[in-house]
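**Q**
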Amino acid sequence: MSLDAPADSPQGPVFFDRRELDPILRVYGRMVAAGEWRDYAMLPGKDAAEFAVFRRSGDAPAYRIEKRPALQTRQGQWSVIGEGGQILKRGRDLAQVLRVFDARRFNVVD
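Read in order, the letters of the sequence shown correspond to residues 102 to 211 in this note's numbering.
1. Closest by CA to Gly185, which one among Arg120, Ile125, Ala163?
2. Rounding to the nearest angstrom, what Cα-Cα distance links Arg175 and Ala135 in this structure?
3. DSSP puts Glu151 in a beta bridge; with which residues?
4. Can you round the beta-carbon distance between Arg127 and Arg139 to whole angstroms, since I take them to be within the 8 Å contact cut?
5. Could you pull the DSSP bridge partners for Arg157 from this structure?
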């Protein structure tokens, strides 16, 4: 450990653990079954981990679910970011943040 690094800095890249991936993948599976999403990507990073979902392969991400541990004591480490970069929901509880996908506007209409 370097003397220059703050004591509370993460050691290595930020990523999702299994308890965090389970609810994310449940939402993803539900949206794939509804025909809304088709692909995903997971990206670890130095400061944040990202789960990006795509409507079609090759498109820009429709939504990004981001984990940023440095914000856990402030605004909350979880956020859902929309296509235009706007933060749709932010908080400390992943299940609460993922409820943004339960809203009526995400229902598929035949």
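All C-beta atoms in this analysis are idealised placements derived from N, C-alpha and C, irrespective of residue type, glycine included.
**A** A quick look at the data gives this:
1. Numbered from 1 along the sequence shown, position 84 holds the residue referred to as residue 185. Comparing Cα-Cα distances from Gly185 to each of Arg120, Ile125, Ala163, the minimum goes to Ala163.
2. As a first step, residue 175 must be located in the sequence shown, where it is residue number 74. As a first step, residue 135 must be located in the sequence shown, where it is residue number 34. Distance between the alpha carbons of Arg175 and Ala135: 35 Å.
3. As a first step, residue 151 is located in the sequence shown; it is residue number 50 there, counting from the start. According to DSSP, Glu151 bridges with Leu144, Glu167.
4. Start at 1 with the first residue of the sequence shown, and residue 127 comes out as number 26. Start at 1 with the first residue of the sequence shown, and residue 139 comes out as number 38. Not quite, the Cβ-Cβ distance comes to about 17 Å (not below 8 Å), so this is no contact.
5. If you number the sequence shown from 1, residue 157 lands on position 56. Its beta-bridge partners do not exist; DSSP assigns none.
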